[in-house]
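First to last, the protein sequences are chains Z and P. Everything in the first sequence is counted per our numbering, starting at 1 for the first residue and increasing by one. Everything in the second sequence is counted per our numbering, starting at 1001 for the first residue and increasing by one. Notes for the one structure printed next.
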Amino acid sequence: MKKILIIGATSAIAEATARRYAKKGSKLYLIARNGERLATLATDLKIRGASSVDTALLDVNERGSQGPVLEQATKTLGLIDVALIAHGTLGDQKGCEQDAEKALLEFETNAVSTLALLTRLATIFEKQHAGTIAVISSVAGDRGRPSNYVYGTAKAAITTFCEGLQARLFKSGVHVLIIKPGLVATPMTEGLSLPAMLVAEPDLVARDIVRAIEKRTDTLYTPWFWKYIMAIIIHIPTALFKKANL
Amino acid sequence: MNPLQSIHGWGRFPVIEAKGVAPLDMSGVKVAVQDHGVGGMIARGLGRSYGDSSLAKFVVETRYLNHILDFDSDTGMVTCNAGISLATLLEVFVPKGWFLPVTPGTKHITLGGAVASDVHGKNHHVSGCFCKYVECIELLTGPDNVLHCSRTSHPELFHASCGGMGLTGIILSVTLRLKPVSSAYIDQQTIKVSNLSEVLALFEANHAATYSVAWIDSLATGSALGRSLLMTGEHSSGNMLAGPDKHPITIPADMPSSLLNRFSIKLFNSLYYNRITKKEVKKRVHYEPFFYPLDGIQHWNRLYGKNGFTQYQFVISKEAGQEGMNRILKEIAASGKGSFLAVLKAFGKQNSNYLSFPLEGYTLALDFKIEEGLFPLLEHLDAMVLDYGGRIYLTKDVRMSEKTFRQSYPRWQEFQAIREQYGTIGIFSSYQSRRLGLDT
Ligand SMILES: Cc1cc2nc3c(=O)[nH]c(=O)nc-3n(C[C@H](O)[C@H](O)[C@H](O)COP(=O)(O)OP(=O)(O)OC[C@H]3O[C@@H](n4cnc5c(N)ncnc54)[C@H](O)[C@@H]3O)c2cc1C
Ligand SMILES: NC(=O)c1ccc[n+]([C@@H]2O[C@H](COP(=O)([O-])OP(=O)(O)OC[C@H]3O[C@@H](n4cnc5c(N)ncnc54)[C@H](OP(=O)(O)O)[C@@H]3O)[C@@H](O)[C@H]2O)c1
């Protein structure tokens, strides 16, 4: 029976992943900021087969609370097999361009909070000498684009941070998975006009995540074709890229 | 709130521009209803109704309201948010030994949609409609009004909402009694039937079968009129609750609709019918191919091309039986506008929900691609259906007239009176409810 810790558990991608673990009878510890939805999700997962579901409330930007919440989680779970960090906001790029504070708040939610969580988790996992830390970054972090570079910068920070962690924790037998989803049909992308062919269902992304954790993959592009799309995008010469409206 | 998007039903006709919102929780639904735009709003599940039942200028999409809220493993009583799909219910509960008491021909519909259309399955003749197994619903009739409806609490609102096409408000959650099974498999029997009178007689003879349905070749004429494959099924015994995990194939884009012409349909129907060479074949099959043969092909509605299609499903009274079916089938065969798959089934007694479709008799469902001359043909069929004491299924309908509706759903005034009483007229309305004169 696996023990799974999820931060940002009410995210659609996290929820789909949790449901896959619940089906396998895992023991879950869910952390999110919306109590009503967290409680509903916990019940759902129990009925779906989770052997136990515990929850804790946390706004990840309240960094002082991160430590105590994680401490409680480790107390409940004991050895953690998987910790998944999933929270995030797409933010209002146009607004961020006009308002530095707004831009920094986005960075706070999408990067700083996660770097703090990762630092704490790294200590826990290093002592365990086992397990997987999985973090949802994004293809948006692979190259800055005018439509979402504030978000993209935060994701790039997470990716780079995790690359360092991968090498550091490898020595302790800890696996760090960087997850780079492309476009996923979730509340985050609700209402955006996206090319339907490229938008994946959260459950498909969840399936890939669970598989990559099992296979101890380092970086996961999901769905798989984003690996190739991004390989092209990062190789477009800057002179051209600036003119394209991406 | 989301920007304008193009939406349509399963038939992909009509396509309209609408604003949609997909709330994440109950408070989100209340907010959405509070800020609804002018023009009326309607709940929308997985959009598997064929016509304009789930279309409005403002739609409240239930896709994120998909949680299981309670389950009693002794009684099989389950409570879920209305946006959960039947597919999810099967995935979670079949391994635990529970099945849907009634299921339509696709599992990709929501629980809310199943209640709002009071759907029927291959067991209607013995088990009735879906809502018979619904214990209670939580119904939002306004931003500050959530009512617990059951046979004892707001009973008239409960009966209006079961089959009420979303016109009484938004169903938030549903408590449903599942049915115990010991296997995920069905013992299926297929009987090759050469004409209409034979198939109707066989429905009678197989009245005790739990499931029965006939696939009928709507283009066969003369003495072969009504030739079909009758399938019956029983839940298998033996502990086999797991099943194969198959991935559906997808129709990637619109197919040129010329692919579906009289010739190709004839060929298909003929191949389908002649697939079976013996008079009777018995087989044990997983519930998926038995109940959901079309779910194996995702987006099969694209086969009809970009103009879309409609499904014409009617029921006629038992007395009209053979004569009525005979005349209607002849008419369809003569029109040459036949359909890929026509499904024939015998219905049991009608229930007390105001707008539920089934009544004792025979029902036939056929797909027609949208083209010149189709609607006049269907108007003509409507008149015959009415003559035979029947009606058209609202969840498939996209063009029935107000007059036809009023004549064939005689309890529509009682239905309206309940909507009036709870203040949902004009608030919860769809393209269909306007067309049928239930809203303006
Ligand atoms: C391949 C196929 C086979 C089918 N076979 C059958 C069959 O055998 N028997 C049968 O009876 N039907 C059958 N149907 C029809 C289907 O079961 C119904 O149309 C069903 O209502 C679709 O559910 P949905 O979630 O997609 O709802 P939608 O299509 O989104 O909506 C249908 C209606 O339900 C209302 N509604 C949806 N959710 C709510 C809610 N939460 N609260 C209030 N109202 C709501 C909508 O307003 C609308 O009026 C079939 C459809 C397909 C595509
Ligand atoms: N959807 C995509 O196309 C896509 C693509 C690439 C990467 N991603 C990434 O995937 C992850 C999951 O997102 P999703 O698509 O599943 O979207 P989602 O359903 O909107 O999930 C985002 C989650 O983050 C939570 N959150 C935001 N700020 C928070 C805070 N300060 N404290 C605690 N929780 C907070 C939200 O909680 P509330 O519900 O309480 O607001 C929500 O549960 C994110 O990291 C996202 O950046 C998504």
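Backbone N, C-alpha and C define an ideal beta-carbon position, used for all residues, glycine too.
Starting from residue i, follow the alpha helix (DSSP H) in both directions and report where the run begins and ends.
i       : result
K1337/P : Here K1337/P belongs to no alpha helix (DSSP H), and DSSP marks it neither H nor E.
V1031/P : M1026 to Q1034
Q1350/P : Counting along the chain, Q1350/P falls outside any alpha helix (DSSP H), and DSSP gives it neither H nor E.
K127/Z  : S113 to Q128
A83/Z   : No alpha helix (DSSP H) contains A83/Z, which is instead part of the beta strand (DSSP E) from V82 to I85.
S1197/P : L1196 to A1205
I213/Z  : P202 to E214
I13/Z   : A12 to K23
G152/Z  : Y149 to F170
A185/Z  : It is not in any alpha helix (DSSP H) - A185/Z carries neither H nor E in the DSSP assignment.
W1215/P : First-last for W1215/P: Y1211 to I1216, but that is the beta strand (DSSP E), not the alpha helix (DSSP H).
R63/Z   : R63 to L77
So does residue i have its beta carbon nearer than 6 angstroms to some heavy atom of ligand 1?
i       : result
T1395/P : yes
T1088/P : no
S1173/P : no
P1293/P : no
R280/Z  : The first residue shown for chain Z is 1 and the last is 246, placing residue 280/Z beyond what the model contains.
V1119/P : yes
S1356/P : no
I1105/P : A small fix is needed here, since residue 1105/P is Gly in this sequence, not Ile. At least one heavy atom of ligand 1 is nearer than 6 angstroms to the Cβ of G1105/P, so yes.
W1010/P : yes
T1062/P : yes
According to the Cβ coordinates, are residue i and residue j closer than 7 angstroms?
i       : j       : result
D1295/P : S1339/P : no
S1335/P : L1377/P : yes
A1082/P : G1112/P : yes
G1051/P : V1398/P : yes
A9/Z    : I31/Z   : yes
A154/Z  : A111/Z  : yes
A1032/P : V1060/P : yes
C1136/P : S1117/P : no
L1386/P : V1315/P : no
K1396/P : Q1313/P : yes
I80/Z   : K3/Z    : yes
V1174/P : V1146/P : no
A1109/P : L1139/P : Strictly speaking, residue 1109/P in this sequence is Ile, with Ala absent from that position. Contact: no.
S1053/P : Q1350/P : no
E1211/P : N1123/P : Correcting the residue type first, residue 1211/P is Tyr in the shown sequence and not Glu. Closer than 7 angstroms, so yes.
F1290/P : Q1421/P : no
N1353/P : G1163/P : yes
Y1409/P : L1329/P : no
G131/Z  : V174/Z  : yes
I1068/P : D44/Z   : yes
L1436/P : F1405/P : yes
G1361/P : K1306/P : no
T1062/P : G1045/P : yes
At which residues does the beta strand (DSSP E) containing residue i begin and terminate?
i       : result
T1141/P : V1134 to G1142
E1017/P : I1016 to V1021
P181/Z  : H175 to P181
K1192/P : Y1185 to V1193
F1309/P : F1309 to S1317
A39/Z   : That residue, A39/Z, is in no beta strand (DSSP E); its alpha helix (DSSP H) goes G35 to R48.
G1389/P : Looking at the DSSP string, G1389/P is not in any beta strand (DSSP E), and its letter there is neither H nor E.
Is there at least one non-hydrogen atom of ligand 2 closer than 6 angstroms to the beta-carbon of residue i?
i       : result
I1042/P : no
T222/Z  : no
L183/Z  : yes
H87/Z   : yes
V60/Z   : yes
A157/Z  : no
G8/Z    : yes
M197/Z  : no
Worksheet item: Going along the segment 187 to 218 of chain Z in order, which residues come within less than 8 angstroms of chain P, judged by CB to CB distance?
Response: P187, E190, G191 and S193
Worksheet entry | chain P contacts from the segment 39 to 58 of chain Z (Cβ-Cβ distance under 7 angstroms) | T40, L41, T43, D44, I47 and R48
Worksheet item: Which residues, in chain order, does the segment 1022 to 1048 of chain P contribute to contact with chain Z at a C-beta distance below 9 angstroms?
Response: A1022, L1024, D1025, M1026 and S1027
Item to complete: Would you list, in chain order, the members of the segment 1060 to 1071 of chain P that have their beta-carbon closer than 8 angstroms to a beta-carbon of chain Z?
Response: Y1064, H1067, I1068, L1069, D1070 and F1071
Worksheet item: Name the residues in the segment 1092 to 1104 of chain P whose C-beta lies less than 7 angstroms from a C-beta of chain Z; which are they?
Response: V1092
Worksheet item: Of all the residues that make up the segment 24 to 39 of chain Z, which are near chain P by a beta-carbon distance shorter than 9 angstroms?
Response: N34, E36 and R37
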